[in-house]
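In terms of this note's numbering, the sequence shown opens at residue 26 and continues consecutively.
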Amino acid sequence: MQADLVYDVGMNNGDDTAYYLHRGFRVVAIEADPNLCKGAVSRFGKELESGRLQIVNIGIAAKPGVSDFWICEAHSVWNSFDRTISSRNGLPHHRIQVPCQTFGWVLEQCGVPFYLKVDIEGNDFLCIEALQDRADLPAYVS
Numbered sequence: 026m027q028a029d030l031v032y033d034v035g036m037n038n039g040d041d042t043a044y045y046l047h048r049g050f051r052v053v054a055i056e057a058d059p060n061l062c063k064g065a066v067s068r069f070g071k072e073l074e075s076g077r078l079q080i081v082n083i084g085i086a087a088k089p090g091v092s093d094f095w096i097c098e099a100h101s102v103w104n105s106f107d108r109t110i111s112s113r114n115g116l117p118h119h120r121i122q123v124p125c126q127t128f129g130w131v132l133e134q135c136g137v138p139f140y141l142k143v144d145i146e147g148n149d150f151l152c153i154e155a156l157q158d159r160a161d162l163p164a165y166v167s
């Protein structure tokens with residue numbers, strides 16, 4: 026475990042990422058929506074340049090590849106691989122294709138964080154499952 030590292034899985038608009046950076050952590054922020062990633066690149070240019078932040082534009086899935094991802098046009102927090110989540114309450118939504126990786130791959134590439142925050146509508150369980158057989162675990166998970 027890396028004591029100065031936080032994962033923000035489901036970065037969305039970057040508000041949680043900003044908090045972790047403010048607290049002095051290095052952050053790996055994972056987000057499937059490329060437009061949210063572009064916004065974060067603009068917002069966090071200094072942190073990206075210094076190496077304190079890494080933005081990974083992928084979806085977390087059971088296997089690597091490319092998958093349909095549903096964008097909720099009214100509330101980006103409801104973007105999901107599950108169309109029923111993105112379209113709840115009859116809200117407008119549309120499909121995009123996103124590259125995907127397993128959460129185990131992320132851990133191998135970036136290391137085990139001190140704190141793991143997961144908020145990826147419908148696929149949260151994939152992150153928890155990836156931790157099951159590991160000896161090295163995050164100190165905190167939410």
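Heads up, the beta-carbon is just placed ideally off N, CA and C, and yes, glycines get one too.
On a predicted model such as this, the values are computed, not experimentally measured, just so you know.
Secondary structure within the stretch 124-159: the alpha helix (DSSP H) runs of 4 or more consecutive residues, fully enclosed, are 128-135 and 149-156 (chain order).
In the structure shown, the three-state DSSP call for A54 is strand.
Following the DSSP letters along the chain, one finds D40 inside the alpha helix (DSSP H) bounded by residues D40 to H47. Shown here, L78 sits in a strand according to DSSP, grouped into three states. Proximity to G115 across A99, D33, E74 and A54 peaks at A99, based on C-alpha coordinates. Of the residues I110, I85 and P138, the one whose Cα lies closest to the Cα of I96 is I110.
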